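Engineer: First, the structure itself, so that you have it in front of you.
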Amino acid sequence: MKRVLVALPDQHVHSGVHERVRILAPHLKALGYETIALFPGKKNAVLLRKWPCPVTFYFGLYRPRKACWHNLKWILGLPFSVLSCWRAIRQLDADIIHTNGLLNIAPAIAARLARRKVIWHLIGDHYPKWTVKAVMPLVKRLSHKMVFVAERMLNYYSAKGSNKAVSILEPVCMYQEEGNQAALRNKLMEMTAGGRPPSSWSGDMERQTWIGAIGNLVPAKDWISFVEAAERLCYRYSHLRFVIMGGRSATQHAYAETVLKRVEKSDYRERFWLTGHVPHAGRFAGVLDVFMLASVCEGTPIAIVEAMLAGVPVVATDAGGVADMLSERRGLCCPAANPEALAKAVERVLAEREAHIDAREVAAWVEKHQPEKIAAEFCRLYQSLGRC
């Protein structure tokens, strides 16, 4: 059994990267590769208990934030982080180091010092261009292979044409809650951390059209544009309701408060429902009639595929690899940070869904995200490292 040490950038933010590791770990183990999750920071009992694979920790700050002092500490602490990672690699006798995120540098340096193979997984487009330009030469030098979640990301990371670059889709859990839409809505209402929706929602839910998205309350999702697009639609249609399925991020409390206050001051606040954190929220995608994502920064959000799996049409902004996901009439894509364009795209789907969404293309795209298929791709990638 080969050991793959998967270096994650943060232990307090559960993102699509963390979900990928959780989903793939059992499938990769069946193929002969044991996943060990490597987190920066102190030992976390919750992670040790809940993760489906072994977990270990190294001395290091979480990924850099905007605060200058934190960034300075991160830079000054880098040598100690590298040493701590190197020790973990040697103690665990890891064969491959799979680091995630552009700035997750310490595990990659440690892997090279320990003479191990390095895979560098690059996901989203939320870094400033100067950061990408400054760090990518190091990434290309240290890595044996670079993995991208979409072809479009190759351009963003200036990796087009590199013989180290590989594109692999993100896996999606194919489980969905059973029941018709009304039953799913009632079940969601009973289990949400944010409480039940406003009393005005308690009427005939079958006549209501629910539009929403799944994601934490973080700036990258641009929930303010989501609210502004929703207000435009509320003005035109009285039967629409808007659902935000996601909790507060441990590092973005101030932004979450901004979103909550923006909803509260809206003339249509009774049409919004912020559910709070919903465990494995993607299984409830079927409560929606339209999935509307307003992100300004993205990778390839698995929530889009979860909506497709539930048969929900998708309208999303052109961020990260989203345009690749929605091409071939799999959904509608519109400019980011443009609430009016987002609202009009939703209107087009509401008026003529079949004209804009090809169900066969959607089904074929969802099939590509089967965990077994993605695990097999990673298995082939790991095997290819022996020839690097």
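In this text, residue positions in the sequence shown follow this note's numbering: the first is 145, and each later residue adds one.
By construction, the Cβ of each residue, glycine as well, lies at the ideal position given by its N, Cα and C atoms.
Note that the structure is a prediction, hence the values are computed from the model and not measured.
#1: How many angstroms separate the CA atom of R492 from the CA atom of F370?
#2: How many whole angstroms separate the CB atoms of L453 and V510, which I take to be in contact at a CB cut-off of 8 angstroms?
#3: Please state whether the Cβ-Cβ distance between C441 and G464 is less than 8 angstroms.
#4: Round the Cβ separation of V316 and K289 to the nearest angstrom and send it over; I've been treating them as touching at under 8 angstroms.
#5: Should H424 be labelled buried (16 or more other beta-carbon atoms within 10 Å of its own) or exposed?
#6: Taking DSSP as the reference, what is the three-state secondary structure of L432?
#7: To which residues of the same chain is R302 closer than 6 angstroms at the C-beta, ignoring the five residues directly before and after it?
#8: Could you pull out every residue in the same chain whose Cβ sits closer than 6 angstroms to the Cβ of R474, ignoring the five residues on either side in sequence?
#9: Have a look at the DSSP bridge pairing and note the partners of T179.
#10: Rounding to the nearest angstrom, what Cα-Cα distance links N307 and A174 in this structure?
#11: Quick one, which of A503, R413, F428 and V148 has its alpha-carbon nearest G323's?
#12: So is M335 buried or exposed if we call it buried at 16+ other beta carbons inside 10 Å?
#13: Under a Cβ-count criterion, where at least 16 other Cβ atoms within 10 Å of its own Cβ denotes burial, should I219 be classed as buried or exposed?
#14: Of the choices K405, E372, T353 and L192, whose alpha-carbon is the least far from that of D433?
#15: Mapping DSSP to helix, strand and coil, what is W417?
#16: Excluding five sequence neighbours on each side, which residues of the same chain lie with their C-beta closer than 6 angstroms to the C-beta of E521?
#17: Quick one: any contact between the region 189 to 196 and the region 215 to 230, if contact means 3 or more CB pairs under 8 angstroms?
#18: Can you grab the Cα-Cα spacing for the pair A499 / G347, in whole Å?
#19: If you draw a straight line from the alpha carbon of A238 to that of T179, how long is it in whole angstroms?
#20: If you count every other CB in all the chains shown that lies within 10 Å of the CB of A480, and 16 or more means buried, which is it?
#21: Rounded to the nearest angstrom, how far is the Cβ of L547 from that of I253, given a contact under 8 angstroms?
#22: Just verifying my parser: in three-state terms, what is the DSSP assignment at C523?
#23: Tell me the rounded alpha-carbon separation between F292 and G245.
#24: Going by C-alpha distance, which of Q396, A364, I267 and S343 is nearest R385?
#25: Can you find the residues in the same chain that come closer than 6 angstroms, C-beta to C-beta, to V148, ignoring five residues on each side of it along the sequence?
#26: Taking the straight line between their C-alpha atoms, what separation do you get for A364 and S393?
#27: If you drop the 5 nearest sequence neighbours on each side, which residues of the same chain put their C-beta closer than 7 angstroms to that of Q514?
#28: Under the three-state reduction of DSSP, which class applies to K390: helix, strand or coil?
#29: For H383, which residues from the same chain have a beta carbon less than 8 angstroms from its beta carbon, with the 5 sequence-adjacent residues on both sides left out?
#30: Is the beta carbon of A447 closer than 8 angstroms to that of W579?
#31: Could you tell me which uninterrupted beta strand (DSSP E) segments, each at least 3 residues in length, are contained entirely in the region 315 to 393, listed from first to last along the chain?
#32: Taking DSSP as the reference, what is the three-state secondary structure of F95?
#33: Less than 6 angstroms between C-beta atoms, sequence neighbours within five positions excluded: which residues of the same chain meet that for L182?
#34: In the structure shown, what three-state DSSP assignment does I518 receive?
#35: Of the residues E163, M333 and M145, which one's Cα is nearest the Cα of P153?
#36: Opposite L404 in the DSSP bridges: which residues?
Structural biologist: So, from the data block:
#1: 17 angstroms
#2: 5 angstroms
#3: yes
#4: That belief does not hold up - the Cβ atoms of V316 and K289 are roughly 23 angstroms apart, past 8 angstroms.
#5: exposed
#6: coil
#7: The residue asked about is misnamed: residue 302 is Ser in this sequence, not Arg. The answer, listed in chain order, is M280.
#8: E505, V506 and W509
#9: V148
#10: 29 angstroms
#11: F428
#12: exposed
#13: exposed
#14: T353
#15: strand
#16: I312
#17: no
#18: 31 angstroms
#19: 10 angstroms
#20: buried
#21: The displayed coordinates of the chain run from 145 to 532. Any statement about residue 547 would go beyond what the structure contains.
#22: helix
#23: 11 angstroms
#24: S343
#25: Y177, T179, I240 and H242
#26: 12 angstroms
#27: M318
#28: Before going further, note that residue 390 is Gly rather than Lys in the sequence given. G390 falls in the strand class under three-state DSSP.
#29: R351, Q352 and T353
#30: Nothing can be reported for residue 579: it is not among the residues displayed for the chain, which extend from 145 to 532.
#31: 353 to 358 and 384 to 389
#32: Residue 95 is absent from the model: the chain starts at 145 and stops at 532.
#33: L149, A151 and T200
#34: helix
#35: E163
#36: Looking at the DSSP assignment, L404 forms no beta bridge with any residue, so it has no partner.
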